[in-house]
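Counting from 1, position 83 in the sequence shown corresponds to residue 83 in full-length UniProt numbering; the numbering is continuous, with no gaps.
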Amino acid sequence: MSDSPKKVAKNSKAKPGNSRKMGESIAEVGMADAERDILAELDKALSEHISLLLGWSRRLTLPAGKTGPAPLHDHSDDHDCDFGAWYALNRHNRLIDQPAMHALAATHEQLHASARRLLEGHEIDGDVDEAEFEMLSLRAESFFAQLRRLERAFRTARSDVDPLTGTYNRQTMLGDLGTERERAVRTDTPTAIALVDLDHFKAVNDTHGHQAGDLVLQSVAGILQSHVRPFDKVYRYGGEEFLICLPNADMKQCARVLERLRRVIEASPVTLNDGTILPVTASIGAAPMTKTRTIEQIIEKADQALYAAKEGGRNKVRVWRNPDGEKDTGKPDKSKSRD
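Next comes the structure, spelled out in structure tokens:
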């Protein structure tokens, strides 16, 4: 395996299964879009059911026999309304297959059942069952309250996520890292921070444009999120750089995880619409959390290790190993490009 930077190839052939075409979604990157779609559906459900309640109420004010057959837009069956159809179609999606969403669906079903009983009874004798009408009102209130809570939860989740890559954003990162450092110090558990920097990323943008650069970022973000351990977290640190927090990992374990990530990135070129295949590699530097250093200082040590990986030929993993109190070496020269 060559350590020298690879040239951007225009007509090379990608290995089957290792390339990703422009515009193809990947699961982790697609999650941000899925959350946006869910928010749109919840918002639409709110408007839809306000309209349905008004329609049901109007029908209940008409005399028996004067309402005619229930119009198609009445949707007194919960599967006939847009939200019911959407939920039935998507209920096994991993973002929707959760207790809060299932509870909303159950309340939604009960709401429509109350409306159906009221409307059917009214069609027969013109009366409105007061107890059932009260139940309809209570279920409507519960449905709207649950909708709002879910909307807030998804909006909060989206505010923590980088919209391009689907990773956590930098604002979320600092709070999370502070919590992890406190836990690591309290429990005396090894924890590491790693910086992942894409090699020659500026050349990709300059040669192929920012759309190609965005696709490379999305591809690498998907790889990182799908190949870290379940309890690791990936953040967009800035530009073409990602930060990974690895709890319960000493530096030997950390190096193994990061080397696996490096290999997968290297084996996953990105294919553009014009057939151009972009080889992608990353340099990675890591440092341990310690009780004597702040988060900013620990990130600086990971940055030193990353600089060593770049200086060593790129497409490498380097770990900062200096113990506390020992003079630092290999400090990055900020005047030099690390691309």
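Beta carbons: idealized from backbone N, C-alpha and C, even for Gly.
Just so you know, these numbers come straight off a predicted model, no measurement behind them.
- HIS102 and ASN93 have their C-alpha atoms roughly 12 Å apart.
- Going by DSSP, GLY175 is part of the alpha helix (DSSP H) stretching over 170-187.
- Restricting attention to alpha helix (DSSP H) runs no shorter than 4 residues, the segment 126-177 encloses them at 130-159, ordered along the chain.
- Going by C-alpha positions, HIS210 is about 10 Å away from ALA203.
- Cβ atoms of PHE201 and ASP339 come within 8 Å of each other, at about 6 Å.
- Residue pairing by DSSP places LYS233 opposite CYS245 in a beta bridge.
- Looking only at VAL317, ASP125 and GLU35, the smallest Cα-Cα distance to THR281 is reached by VAL317.
- Restricting attention to alpha helix (DSSP H) runs no shorter than 4 residues, the UniProt domain "GGDEF" (189-322) encloses them at 201-208, 210-227, 251-266 and 295-311, ordered along the chain.
- Counting C-beta pairs closer than 8 Å gives three or more between the segment 238-254 and the segment 168-180, which meets the contact rule.
- Distances from the CA of ASP162 to each of LEU217, GLY213 and ALA184 were compared; the closest alpha carbon is that of LEU217.
- The C-alpha of ARG263 lies about 48 Å from the C-alpha of HIS108.
- Looking at LEU62, ALA192 and ASP206, the one whose alpha-carbon comes closest to that of VAL228 is ALA192.
- Below 8 Å, enough C-beta pairs join the segment 126-144 and the segment 47-65 to call them touching: three or more.
- Secondary structure at LEU46: helix, using DSSP grouped into helix, strand and coil.
- The DSSP-derived three-state label of LEU119 is helix.
- The continuous alpha helix (DSSP H) containing ASN90 extends over residues 82-90.
- PRO247 and ALA88 have their C-alpha atoms spaced approximately 38 Å apart.
- Comparing alpha-carbon positions, the option among GLN297, THR276 and PHE144 lying closest to LEU215 turns out to be THR276.
- Going by C-alpha positions, ALA287 is about 16 Å away from LEU261.
- DSSP, read as helix, strand or coil, puts ILE124 in helix.
- Going by beta carbons, ASP82 and ARG91 fall outside the 8 Å limit.
- Here ARG321 is exposed. Its C-beta has fewer than 16 other C-beta atoms within 10 Å.
- Within its own chain, the residues whose Cβ lies closer than 6 Å to the Cβ of ARG158, once the five positions on either side in sequence are excluded, are GLU35, listed in chain order.
- Take the alpha-carbon of PHE144 and the one of GLU48: they are about 11 Å apart.
- Buried is the label assigned to ALA45, since at least 16 other Cβ atoms lie within 10 Å of its Cβ.
- Rounded to whole angstroms, ARG256 and ILE38 show a C-alpha spacing of 37 Å.
- Between the beta-carbon of LEU306 and that of ASP197 there is about 6 Å, and that keeps the pair under the 8 Å contact cut.
- Here ALA140 has HIS49, LEU53 and LEU111 as same chain residues with Cβ atoms under 8 Å from its own Cβ, once five neighbours each way along the sequence are excluded.
- Counting only residues of its own chain and dropping the five nearest sequence neighbours on each side, LYS301 has a CB closer than 7 Å to the CB of ALA287 and TRP320.
- Beyond the five residues adjoining it in sequence on each side, MET289 comes within less than 6 Å, by CB distance, of ARG181, ALA184, THR191 and ILE298 in the same chain, given in chain order.
- Around the CB of PRO230, fewer than 16 other CB atoms lie within 10 Å, so the residue is classed as exposed.
- If you check the CB distance, ALA194 and ILE244 come in under 8 Å.
- Between ARG314 and ASP199, the C-beta spacing is below 8 Å.
- Between the C-alpha atoms of ALA85 and HIS122 there is a straight-line separation of about 26 Å.
- Around the beta carbon of ALA40, a 10 Å sphere encloses fewer than 16 other beta carbons of the protein chains shown; the residue is thus reported as exposed.
- For the options ALA212, ARG58, THR61 and GLY166, the alpha carbon positioned closest to that of VAL270 is the one of ALA212.
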